[in-house]
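Undergrad: When we follow our numbering, the leftmost residue of the sequence shown carries the number 30, and every step to the right adds one.
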Amino acid sequence: MLIITILGKLAGESVKFRDSILQVCSMEKIISKMESKYKPTYIWCLANLCIGRPSPKFDKIQPAFDIFAKVILDEFNQSNLKMINDAIWALGYMIDGEPNRIAALINSGVVPQLINLLPMCNFVSILRIFECIFYGTED
């Protein structure tokens, strides 16, 4: 778990560090080092690898997208709110600006659960996701 924490801290420091990590080590390889049960530290690390501008190419971060959707859909309880908030926060960054990302979010089935989570989770992050869905891209 120490390596996951270090990667998360480095990725969160700058886009340059994030991109270097993703260039050297695939998201699949990072995920394979995690234990089978999702833990807040793992989700936080994956979130840091997916946020920032410019956003990483979607094919590099797609495996994390799937995990974030699973966490939001399947891991709800009061003790997991931080982990769920990190997943929501990351998804807000991941879907910004590209129609295929927005379509992936909608197809994941996570939107109804986001509505249910509005009173309990990070309201601003959820609204950011809905804003991305509503406005789409500038193209």
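We put the CB at the ideal spot given by N, CA and C, even for glycine.
1) Using the Cα positions of Ser-84 and Tyr-122, report the straight-line distance between them to the nearest angstrom.
2) Excluding the 5 residues flanking Ile-124 on each side, which residues of the same chain have their C-beta closer than 7 Å to its C-beta?
3) Buried or exposed for Asp-115, please, with buried defined as at least 16 other CB atoms from any protein chain shown within 10 angstroms of its CB.
4) By alpha-carbon positions, which one of Tyr-164, Phe-97 and Phe-163 ends up nearest to Gln-142?
5) Between Ile-16 and the rest of its own chain, which residues show a CB-CB distance below 6 Å, the 5 nearest in sequence each way excluded?
6) Does the beta-carbon distance from Met-149 to Ala-93 come in below 8 Å?
7) At 4 residues or longer, what runs of the alpha helix (DSSP H) sit wholly inside the region 41-74?
8) Cutting at 6 Å between CB atoms, please list the residues of its own chain near Trp-73, excluding the five before and the five after it.
9) Relative to the alpha-carbon of Asn-109, which residue among Lys-68, Glu-64, Tyr-164 and Gly-138 has its alpha-carbon at the smallest distance?
TA: The short version:
1) Approximately 7 Å, taken between the alpha carbons.
2) In its chain, beyond the 5 residues on either side, Arg-130, Ile-131, Leu-134, Ile-158 and Cys-161 have a beta carbon closer than 7 Å to the beta carbon of Ile-124.
3) Counting C-beta atoms within 10 angstroms of its own C-beta, Asp-115 has 16 or more neighbours from the protein chains shown and is therefore classed as buried.
4) Ranked by Cα distance from Gln-142, the options Tyr-164, Phe-97 and Phe-163 are led by Phe-97.
5) As displayed, the chain neither begins before 30 nor continues past 168, which places residue 16 out of reach and without an answer.
6) Ala-93 is positioned such that its CB atom lies no closer than 8 Å to that of Met-149.
7) For the region 41-74, whole alpha helix (DSSP H) runs of length 4 or above, ordered along the chain, are 44-53 and 56-61.
8) The answer, listed in chain order, is Gly-37 and Asp-115.
9) Closest option to Asn-109, Cα to Cα, is Lys-68.
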